[in-house]
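**Q**
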Amino acid sequence: MALMAGIIYALTSLFLGLCAGLSAPRNHPANEVTLLDSRSVQGDLAWVASPTEGGWEEVSIMDEKNIPIRTYQVCNVMEPNQNNWLRTHWIRRGPAQRIYIEIKFTLRDCNSLPGVIGTCKETFNLYYLESDSDNERYAHESHFAKIDTVAADESFTQVDIGDRIMKLNTEVRDVGVQSHTGFYLAFQDVGACIALVSVHVFYKKCPLAVRNLAQFPDTVTGADTSSLVEVRGSCVNHSEEQEIPKMYCGADGEWLVPIGNCLCNPGYEERNEQCQVCKVGYYRSLSSDGGCRKCPLHSYSMKEGATSCDCDKGYYRSETDPAAMPCTRPPSAPHNLISNVNETSVLLEWSAPLSSGGRGDLAYNVVCKQCVRDTQRCMPCGDDVRYSPQRLSLRSTRVSVHQLQAHTNYTFQIWAVNGVSKHSPSLEQAVSVTLTTNQAAPSTVMMVQSKDIIRDTLSLFWDEPDKPNGVILEYEVKYYEKDQNERSYRIVKTTSRSADIKDLTPLTSYVFHVRARTAAGYGEFSAPFEFSTNTVAAPVVGGVMSSAVLLLLVAGCVVVLLLILIITFIITKRRSKYSKTKQAEEKNLQPGVRIYVDPFTYEDPNQAIREFAKEINTSCIKIEKVIGIGEFGEVCSGRLKLPGKREICVAIKTLKAGFTEQQRLDFLSEASVIGQFDHPNIIHLEGVVTKCKPVMIITEYMENSSLDMFLRKNDGRFTVIQLVGILRGMASGMKYLSDMSYVHRDLAARNILVNSNLVCKVSDFGMSRVLEDEPEGAYTTRGGKIPIRWTAPEAITYRKFTSASDVWSYGIVMWEVMSYGERPYWDMSNQDVIKAIEEGYRLPPPMECPLALHQLMLECWMRERADRPKFSQIVNMLDKLIRNPATLKRTAGDASRPHPSTLRHAPSEGSAPSLGSVDEWLKIIGLEQYGENFSTAGFCSLESVLPMSHEDLAKMGISCSAHQRKILSSVQELLSGMHHRQDTKVPV
């Protein structure tokens, strides 16, 4: 009895003394949301205890502020096999996926209680039960799931009670709850002397936060203690996304790993995680700028949120000036203009204006006017006047003007201009001078003709020079035998525009030059003109028969001589090994016509390299950076500075180390080919480096790389006339190659290079090709495989490459240009392309392609190569289109051809076309990934897509311009199929 009384006294003392150890309820962190806090409950907790007698007991104690709180206690340590349960009321889970239980309790040390060995415990168990509603009838102990066994870190003894030192334990447990609306908690005592001071049930969230101007809402943590919940933020007011803002909500309620950000809109700046408006007198023009800036010099803003500042009166900005640049003025006029007349040329020099307007882009324009004597009437100078270095945008303060008319009044104005001059043009920006040109020598005689050529005499006549520059006093004729030195010439002078040249040698060729003289002196001699004398004298009475006989004899000799020459030429050509000497002889047979010489026909390929490519010293070359990897080595950009010439940008192909002699010859063979060409639309060879390593080929530098890549980067940016100009340049280059009897064999947009002036040049001359017997039927080259979709049918089947096969390839390049670099035949295999072409299929017109251009493509794709146009004809056709832009307005949409992949589904003759489903159609054209876009937008049948436009596709989220064109092109094919009979073969 005494022992029992001691235990009861100990337990009572425990709770009476709790108030000394309790603290006021803590403030819960912002990342915790409370579901239950026993200390905040007013009145009884009224939890369910089992058994109702002798088990858990609810008692009231006072905290340090004398506020009553309700607790539960139990201390049945004398009796074995205790099973005392305490269940909370039903707790609503809310959005929680994992709950946390914080338990504050005290526990008596069993060793401090005598006589309880074996029956006293120092732990208790924590259980939970999920439920969708508060239904106590089903909340039996057997239904609960155990969370954990809870033990005390600190226990108290009888001494502690006497000293009123309470040892409060705090334990936190967590459990995932996922499928039910709420839950119960239960505490099982198995024989401990324990008091539950408080129970706090909560879940964790990541609280509302702003990071990088993106706001992230309250977010409940995940069900797993290691889970991260991805949350997308929304930009704060007056801001826009730069990169999608994201953060991850960790299981402990902390935000982790901020990604992306927002930027304040123009006119606003970031302050205190918000976008605040710029004050009056300040601006912010771009979202990527820093904070608001004060308006630059000579500008102002009159309202908040300005994105730029207006210029003060009399000050301006150009279209390219940044917003931070001060407003500026046009320059004042140049001064000290000096003119120096030299016959029909004028040298003008001047001093820079006193005020440049505050800008650094000062330049000068020259205005020339020709004035009628004794009147005030002046008119602009003609186009034949020449300016050196140029007339507009001059940077220097001097210019030479040439080819003026003699004895003529001229007025010259020198305008000082800068980037804002057009906003306020005024004569105050110009200085002028009026002058008169002097007497000048006449211009060159352009054409000299002959007549009445006999045995030793011929008559010459010519036209007056285009610019006589005064009165022609006389003409001078200089002539000499063609085979003699020009220094052994004779002179004949005449005051008329004709002259009889006598005492010539029969059967001899003479070279003649003519020049005119005025009071100012002689002009330049004309170009050489060659004429030959005859073999017989003029006929006389009584000598007719003898002259005729002599003429027949001479004619017979000439015929025999020609036959001998022809036979000799044929025999020599058959025996020729195409050595360098023989090829030079062939070229001499056709003076003025250049014929391509194949470098591989040389017995020594090095000889071809030396003949057609100039050797360059490596000290003249500066390699700057690597821009690509070629077949034989690296491709670099750099600079070339030859003695006596200005420095230029070049492309440099290098031969990698460890090459064989054959690889070296193959590498340099391209230079042997390019070195024979001289045309503005053919890549220009500067030279080679062969005498040291690395071996190099140096060509002109093309800033915009290949045409196909250039078109894709600038999709939709050019007018039709500009595209036709690109096609005309390529055709001109191919005409030049065709005239030289050169067949390119790999004409494609990828092998056309574009420079900074948008001039297109044909390249890639270094590959030989062999047709392999393989399924894809590709041409194997030293640089890889060439897809056959650019190659003419006869070249595929019979390996027959001609200029006509190049014309076929040119038609494909036309299609590439008008479709802005789209892949010909899309994703069809090579075998499908071959089959479709054999069946008569030809590529349909690209979107907005003029009908005239598509018709020219179809002519290039004629089955018979003799029916295809020549490159000279193509150049003429494109010139006509450029001169008559109205012919390019009619597009080829109505002439669209079906996509080859639809050929297998073509309806039979006379039947209506079967449209099928949208998904099947998208799969056929290779864009099945957009099926959901069409379905969401309500396009469920092919009939519904027929009126579709670019705007409809953009609203559906299809932003890729290439895919838009492909879809709309297919829609046009569907429309064409609704109104016309579809054939499996498209006539060409």
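Numbered by mature numbering (1 follows the signal peptide of the UniProt record, and there is no 0), the letters in the sequence shown go through residues -21 to -1, 1 to 967 in order. Note that the Cβ used here is the ideal one computed from N, Cα and C, for glycine as well. None of the values given here were measured: they were computed from a predicted structure.
Following the continuous beta strand (DSSP E) through Val792, name the residue where it begins and the one where it ends.
**A** From DSSP, Val792 is part of no beta strand (DSSP E) but of the alpha helix (DSSP H) over Ser782 to Met797.
**Q** Which value, in whole angstroms, describes the spacing of the CA atoms of Val154 and Ile126?
**A** If I take the Cα positions, the gap works out to 7 Å.
**Q** Would you decide whether Glu298 is buried or exposed? Buried here means 16 or more other CB atoms lie within 10 Å of its CB.
**A** Classification for Glu298: exposed.
**Q** Name the one or two DSSP bridge partners that Leu837 has.
**A** DSSP lists no partner for Leu837.
**Q** May I have the straight-line CA-CA distance separating Ser375 from Tyr343, to the nearest angstrom?
**A** Cα to Cα, Ser375 sits roughly 8 Å from Tyr343.
**Q** Could you please give the first and the last residue of the uninterrupted beta strand (DSSP E) stretch that includes Thr678?
**A** Met675 to Glu679 is the extent of the beta strand (DSSP E) around Thr678.
**Q** If you count every other CB in all the chains shown that lies within 10 Å of the CB of Thr678, and 16 or more means buried, which is it?
**A** Buried, because 16 or more other Cβ atoms sit within 10 Å of the Cβ of Thr678.
**Q** In chain order, what residues of the same chain lie with their CB nearer than 7 Å to the CB of Cys599, ignoring the 5 residues before and after it?
**A** Excluding residues within five positions, the ones whose Cβ falls inside 7 Å are Leu619, Lys620 and Leu621.
**Q** Mind checking which residues open and close the beta strand (DSSP E) that includes Glu443?
**A** It is not in any beta strand (DSSP E) - Glu443 carries neither H nor E in the DSSP assignment.
**Q** For Ala409, which residues from the same chain have a beta carbon less than 6 Å from its beta carbon, with the 5 sequence-adjacent residues on both sides left out?
**A** So the list reads Ala312, Gln392 and Trp394, once near-sequence residues are dropped.
**Q** Thinking just about the alpha-carbon of each residue, which of Asn104, Asn63 and Glu613 is nearest to the one in Glu603?
**A** Nearest C-alpha to Glu603: Glu613.
**Q** Does DSSP classify Lys401 as helix, strand or coil?
**A** Three-state DSSP puts Lys401 in a helix.
**Q** How should Arg876 be labelled, buried or exposed, when 16 other C-beta atoms within 10 angstroms of its C-beta is the threshold for buried?
**A** For Arg876, the predicted model reports a pLDDT of 39, less than 50, meaning its position is unreliable and no value from the coordinates is stated.
**Q** Rounded C-beta distance between Val490 and Val471? I'm assuming under 8 Å.
**A** No, Val490 and Val471 are not in contact; Cβ-Cβ is about 14 Å, not under 8 Å.
**Q** With distance defined between alpha-carbon atoms, name the residue in Glu328, Ser324, Thr85 and Asn90 nearest to Leu316.
**A** Of Glu328, Ser324, Thr85 and Asn90, the residue nearest in Cα terms is Glu328.
**Q** Could you work out which residue in Glu827, Gln642 and Tyr117 is closest to Tyr163 when comparing CA atoms only?
**A** Minimum Cα distance to Tyr163 is reached at Tyr117.
**Q** Got a sec? Which residues, its chain only, sit under 7 Å from Asp743 by beta carbon, not counting five neighbours each side?
**A** Cβ neighbours of Asp743 beyond the five flanking positions: Asp725 and Asn730.
**Q** If you draw a straight line from the alpha carbon of Leu540 to that of Asn448, how long is it in whole angstroms?
**A** Going from the Cα of Leu540 to the Cα of Asn448 covers about 51 Å.
**Q** Would you call the CB atoms of Ala771 and Trp794 closer than 8 Å?
**A** In this structure, Trp794 does not lie closer than 8 Å to Ala771 by Cβ.
**Q** For Thr307, which of Asp291, Asn321, Asn319 and His314 has the nearest alpha-carbon?
**A** Of the listed residues, the one whose Cα sits closest to Thr307 is Asp291.
**Q** What residues in its chain sit with their C-beta under 7 Å from that of His492, if we drop five residues either side in the sequence?
**A** Hits under 7 Å: Lys457, Phe504, Ser505 and Pro507.
**Q** Sort out for me which residues DSSP pairs His314 with in a bridge.
**A** Paired residues: Ser330.
**Q** Provide the residue span of the beta strand (DSSP E) that contains Gln52, from first to last.
**A** Residues Pro47 to Cys54.
**Q** Exposed or buried, which one is Val713 when buried takes at least 16 other CB atoms within 10 Å?
**A** According to the sequence shown, residue 713 is Met rather than Val. It is buried - the Cβ of Met713 has at least 16 other Cβ atoms within 10 Å.
**Q** With distances taken between CB atoms, is the gap from Ser324 to Val380 smaller than 8 Å?
**A** Contact: yes.
**Q** When we look at the beta-carbon of Asp583 and count the other beta-carbons within 10 Å, is it buried (16 or more) or exposed?
**A** Exposed is the call here.
**Q** Using three-state DSSP, classify Gln408 as helix, strand or coil.
**A** DSSP places Gln408 in helix when its eight states are reduced to three.
**Q** For Ser400, I'd like the list of residues in its chain whose CB is within less than 6 Å of its CB, leaving aside the five on either flank, ordered along the chain.
**A** Pro309.
**Q** Do you know how far the Cα of Cys228 is from the Cα of His159?
**A** If you take the alpha carbons of His159 and Cys228, they lie about 23 Å apart.
**Q** Less than 8 Å between the CB atoms is what I'm expecting for Met856 and Val792, so what's the real figure, rounded?
**A** That belief does not hold up - the Cβ atoms of Met856 and Val792 are roughly 15 Å apart, past 8 Å.
**Q** Between the alpha carbons of Ile70 and Cys939, how many angstroms are there, rounded?
**A** If I take the Cα positions, the gap works out to 53 Å.
**Q** Check each candidate in Val796, Thr776 and Asp657 and name the one with the smallest Cα separation from Arg691.
**A** Ranking Val796, Thr776 and Asp657 by Cα distance to Arg691 puts Val796 first.
**Q** Taking the beta carbon of Gln167 as the centre, do at least 16 other beta carbons fall within 10 Å, making it buried, or is it exposed?
**A** Gln167 is buried by the Cβ-count criterion.
**Q** Looking only at C-alpha atoms, which of Ser475, Met719 and Gln52 sits nearest to Gly170?
**A** Taking only the C-alpha atoms, the option nearest Gly170 is Gln52.
**Q** Please report how far the alpha carbon of Thr484 lies from the alpha carbon of Thr436, in whole angstroms.
**A** Taking the straight line joining both Cα atoms gives about 9 Å.
**Q** Could you check the C-alpha separation between Glu564 and Ile574 for me, to the nearest Å?
**A** Note that Glu564 has pLDDT 38, beneath the 50 cutoff, so the model's placement of it is unreliable and the number below is only indicative. Their backbone Cα atoms lie some 12 Å apart in a straight line.
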